[in-house]
Amino acid sequence: MTHVPSDAEFDPATATIAIVTYNRSGLLTRLLGSIAAMDPKPGHVVVIDNASTDDTTDVVESYRDRLGDTELVYRRMETNTGGSGGFSEGMRVAYELGSQWIWLMDDDVEVIDDGLAKMGKWAPRFKSIQGRRYDYDGSEFYWQYRIAEKMGIPIPFAPASFDSSGYKPMNSGCFEGMFIHRDIVKQIGLPDPRFFIYWDDQTYGWLASRKTQSVIVDEFVLRRTREIKQWDMGIRHMNASSNAYRYYIMRNRAIIKRYYQSLGVYRRVPFALGTALTFGKELIRLVFVERTVRGTSNLFRGLRDGRKIAKDSAWKPMPPLD
1 MTHVPSDAEF
11 DPATATIAIV
21 TYNRSGLLTR
31 LLGSIAAMDP
41 KPGHVVVIDN
51 ASTDDTTDVV
61 ESYRDRLGDT
71 ELVYRRMETN
81 TGGSGGFSEG
91 MRVAYELGSQ
101 WIWLMDDDVE
111 VIDDGLAKMG
121 KWAPRFKSIQ
131 GRRYDYDGSE
141 FYWQYRIAEK
151 MGIPIPFAPA
161 SFDSSGYKPM
171 NSGCFEGMFI
181 HRDIVKQIGL
191 PDPRFFIYWD
201 DQTYGWLASR
211 KTQSVIVDEF
221 VLRRTREIKQ
231 WDMGIRHMNA
241 SSNAYRYYIM
251 RNRAIIKRYY
261 QSLGVYRRVP
271 FALGTALTFG
281 KELIRLVFVE
291 RTVRGTSNLF
301 RGLRDGRKIA
311 KDSAWKPMPP
321 LD
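Under full-length UniProt numbering, the very last position in the sequence shown is 322; numbers go up by exactly one each time.
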């Protein structure tokens, strides 16, 4: 006899995994393979392809029959919209499919076999949930789940350990594993594609935390499959970056500022301090992770272009859905 979940239980078929990929078909193959091996599986898998020029389309099509009853939805963007644009589109497609739960992830992770079951057991209690992730080398990845709201930056010394409750309150978000209910998406709208990359998931998670109790749970559900150059600082790591990231890290501070202003939480001095600390952190990243001082011009260019966003009288935050 088939067991029908009650209102208080989690039904895996109501969940959608939304993936953003760009020219990394080898990594995408590993992720789709891990989803095919999951038990239980989600009702849908949505793949947003940011105009890849490799064999991504063929890889996706090859998995249509391997996912069992899970429906695979493929959307190829006309241009590269960045991670922000991809996640915004992935959220939109999943929402329009009627998904109750949307699980976002990049293409450089794979899902633990029972990952959806682990997330689902928290679904009756919370509507914005972040699971944990193993790093490429198998170590426990530390994600900065709390932000100093007035400064708009992560708190690097937020406690890493969990108590007996198995969860910790968070006021941030990470699109590499964000598990969010459609009710919250409806209230805060889609992720903002104007970020292109960086700060988009932190801002979206912060917006979610203003509507519901957001939590990170002590459940390992993902594993990174791409090695990234790092500076190992013990439990925390600092990853290598790129000139594009450096530019958007600084430019997008202006978008966060506009969201803060729209919600009446912007405070000029602490936010400026947060921007200065961000600038300093990127200089440290250049010197200690990438062993260079080249790239600072991208930080200044980002600050310059951010001023244009700050002065744009037509700028509006993303609207609620429906």
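Idealized CB from N, CA, C, for every residue including glycine.
Keep in mind that this is a model prediction, so the values were computed, not measured.
Exercise for the section: Give the DSSP-derived three-state secondary structure of Val293 in the structure shown. Expected result: coil
Problem - DSSP-derived helix/strand/coil call for Lys168 - result: strand
Exercise for the section: State the CB to CB distance for the pair Ile155 and Gly274, rounded to an integer number of angstroms; the pair is presumed to be in contact (CB under 8 Å). Expected result: Taking C-beta atoms under 8 Å as the contact rule, Ile155 and Gly274 fail to qualify, at a distance of about 11 Å.
Practice task
Give the straight-line distance between the Cα atoms of Phe195 and Tyr247, rounded to the nearest whole angstrom.
Solution key: 11 Å
Exercise for the section: Mark Ser84 as exposed unless 16 or more other C-beta atoms lie within 10 angstroms of its C-beta, in which case mark it buried. Expected result: buried
Practice task
Just the C-alpha distance for Leu72 and Ala36, rounded to the nearest angstrom, thanks.
Solution key: 11 Å
Practice task
Can you say whether Arg132 is buried or exposed, counting buried as having 16 or more other CB atoms within 10 angstroms of its CB?
Solution key: buried
Exercise for the section: Mind checking who Gly74 pairs with in its DSSP beta bridge? Expected result: Looking at the sequence itself, residue 74 is Tyr, so the reference to Gly does not match. Val47.
Problem - Contact between the region 42-60 and the region 89-100 (3+ Cβ pairs under 8 Å) - result: yes
Exercise for the section: Return the residue from the list Lys311, Glu290, Pro317 and Lys41 that minimises the CA-CA distance to Asp192. Expected result: Nearest to Asp192 by C-alpha distance, out of Lys311, Glu290, Pro317 and Lys41, is Pro317.
Handout entry: Straight-line gap, Ala117 to Ile17 (C-alpha atoms, nearest Å)
Key = So the two alpha carbons sit approximately 13 Å from each other.
Problem - Close beta carbons around Asp113, own chain, < 7 Å, minus the five adjacent residues each side - result: Ala37, Met38 and Asp39
Practice task
Could you spell out the range, first to last residue, of the alpha helix (DSSP H) harbouring Trp206?
Solution key: Asp200 to Ser209
Problem - Rounded separation between Arg301 and Asp137 - CA only - result: Near 35 Å, if we compare the C-alpha coordinates of Asp137 and Arg301.
Handout entry: the region 297-315 contacting the region 247-261, beta-carbon criterion three pairs below 8 Å
Key = yes
Problem - Lys121 to Glu140 span [Cα, whole Å] - result: 21 Å
Exercise for the section: State the beta-bridge partners of Phe179 as determined by DSSP. Expected result: Trp103 and Ile129
Practice task
Give me the Cα-Cα distance between Phe288 and Ser297, rounded to the nearest whole angstrom.
Solution key: 18 Å
Handout entry: C-alpha gap between Gly263 and Asp65, whole angstroms
Key = Checking the displayed sequence, the identity of residue 263 turns out to be Leu instead of Gly. Spanning the two alpha carbons is a distance of roughly 46 Å.
Problem - Span of the beta strand (DSSP E) around Thr146 - result: Checking the displayed sequence, the identity of residue 146 turns out to be Arg instead of Thr. DSSP places Arg146 outside any beta strand (DSSP E), giving it a letter other than H or E.
Practice task
With Ala18 as the anchor, note down where its beta strand (DSSP E) starts and where it stops.
Solution key: Ala15 to Thr21
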